[in-house]
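Enquirer: Just so we're on the same page, our numbering is the position in the sequence shown counted from 1, plus 38.
Yeah, the Cβ is synthetic: ideal placement off N, Cα and C, and Gly gets one too.
Got a structure for you, questions after.
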Amino acid sequence: MPDELNFKFSELSIEDPVKLDEDEINEMELPNITPRVVNEDEIFDKSIFKPEPEPEPEKTKRDVVVVEEDVVVVETPVKKPRKRRTPKPHVVNIPQVIIDKPPEPIKEVVVQESTEPPHNPLYKYDRYGKVVRNKNGSIRMKRQYTAEQKKAMTERLAKARANRNKNADQRNEEKRLKKIQDDKKKELMKKKQIIEEREIEEKIAQHSLPPQQRKRNGFSKSDIEEIQLDAITKYETLRKQRKEKKRQEQLVEQEKQNLRNTIKQQLGYKEVSGIYANCF
39 MPDELNFKFS ELSIEDPVKL DEDEINEMEL PNITPRVVNE DEIFDKSIFK PEPEPEPEKT
99 KRDVVVVEED VVVVETPVKK PRKRRTPKPH VVNIPQVIID KPPEPIKEVV VQESTEPPHN
159 PLYKYDRYGK VVRNKNGSIR MKRQYTAEQK KAMTERLAKA RANRNKNADQ RNEEKRLKKI
219 QDDKKKELMK KKQIIEEREI EEKIAQHSLP PQQRKRNGFS KSDIEEIQLD AITKYETLRK
279 QRKEKKRQEQ LVEQEKQNLR NTIKQQLGYK EVSGIYANCF
């Protein structure tokens, strides 16, 4: 930066301004200044714009208290600096401007012309009423039958109708027979239900009677005991009779044997004496 322009505003004095005439101003020679790129540091003197020093926090103050020749130091808390509140932004109510949308362009409705041919009984139509076409795009025509074909078709239809009526009569007969069987089965089921209800009622009435009026079906416990005792006594009597008869038979047989031995001793003493019979 040239020295002529390097000055500070503080050095200027505005107390005694110098007044120049127009001739003097015209005669003044201006310095020759060549243009060049100037930095920001060359234009402004940053030494002027110094930041303000931040306030230091207050130091703790100590209060001295004397209590009977004893020194007590009391520290007072340091006050923290207040925080600066940031100013709230000023909200300006700007009226909303509603801009109308441009009107939508009107669409032209194109009516498609029907390509269907006029109705013809010879054409073949589908279930939607449209004409059926072949692969090549030609209209499909209905099949035309000859007189012989129509006659054969009439005969087949009559035969099918007769078979259908016959089958219908057969089905009706089967339904009638099945209904009769079902009615008969229902009647039997009702009778069976009535019989079962009667049996249940009889059983309930029988169990509801007192013990004296109950019918005795079979033998009681005392009757069975008497029958057992009678059978045992009869068996003991029969056993004793057989034993006595056997003992009598044994006695008779013993007497007979003794008699035989006596006779044998008298007649055959040699056989009895053995080898020493001559010694006596």
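What distance in whole Å lies between the Cβ atoms of ARG165 and ARG171, which are believed to be in contact at a cut-off of 8 Å?
Expert: Wrong, their Cβ atoms sit about 15 Å apart, outside the cutoff.
Enquirer: Output the distance between the C-alpha atoms of LYS241 and ILE232, rounded to the nearest integer angstrom.
Expert: Taking the straight line from one Cα to the other gives about 14 Å.
Enquirer: Where DSSP assigns a beta bridge to VAL169, which residues make up the other side?
Expert: TYR163.
Enquirer: Is it true that the CB of LYS168 sits closer than 8 Å to the CB of GLU146?
Expert: Not a contact, by the Cβ cut-off of 8 Å.
Enquirer: Give the straight-line distance between the Cα atoms of LYS229 and LYS216, rounded to the nearest whole angstrom.
Expert: Near 20 Å, if we compare the C-alpha coordinates of LYS216 and LYS229.
Enquirer: Consult DSSP for ILE144 and reduce its assignment to one of helix, strand or coil.
Expert: Correct three-state label for ILE144: coil.
Enquirer: Based on the DSSP output, what are the partners of ILE177 in its beta bridges?
Expert: According to DSSP, ILE177 bridges with ARG171.
Enquirer: Which of the three DSSP states, helix, strand or coil, is assigned to VAL105?
Expert: Any reading at VAL105 is ruled out, since the residue's pLDDT is 46, under 50, leaving its predicted position unreliable.
Enquirer: Thinking LYS188 and LYS162 are a contact (beta carbons under 8 Å), I'd like their distance in whole angstroms, please.
Expert: With 8 Å as the limit, LYS188 and LYS162 do not qualify as a contact, their Cβ atoms being about 18 Å apart.
Enquirer: Can you list, in chain order, the residues of its chain whose CB lies under 8 Å from that of ASP268, leaving out five sequence neighbours each side?
Expert: Excluding positions up to five away in sequence, the list is empty.
Enquirer: Excluding the 5 residues flanking GLN30 on each side, which residues of the same chain have their C-beta closer than 7 Å to its C-beta?
Expert: Because the chain is modelled from 39 through 318, residue 30 falls outside the range shown and cannot be assessed.
Enquirer: Under three-state DSSP, which class holds ILE301?
Expert: The answer is helix: DSSP assigns ILE301 an H, G or I state.
Enquirer: CA-CA distance, GLU291 and LYS272?
Expert: Looking at the two C-alpha atoms, the distance is approximately 29 Å.
Enquirer: What's the C-alpha gap between ASP220 and ALA206?
Expert: Answer to the nearest angstrom: the Cα atoms are 21 Å apart.
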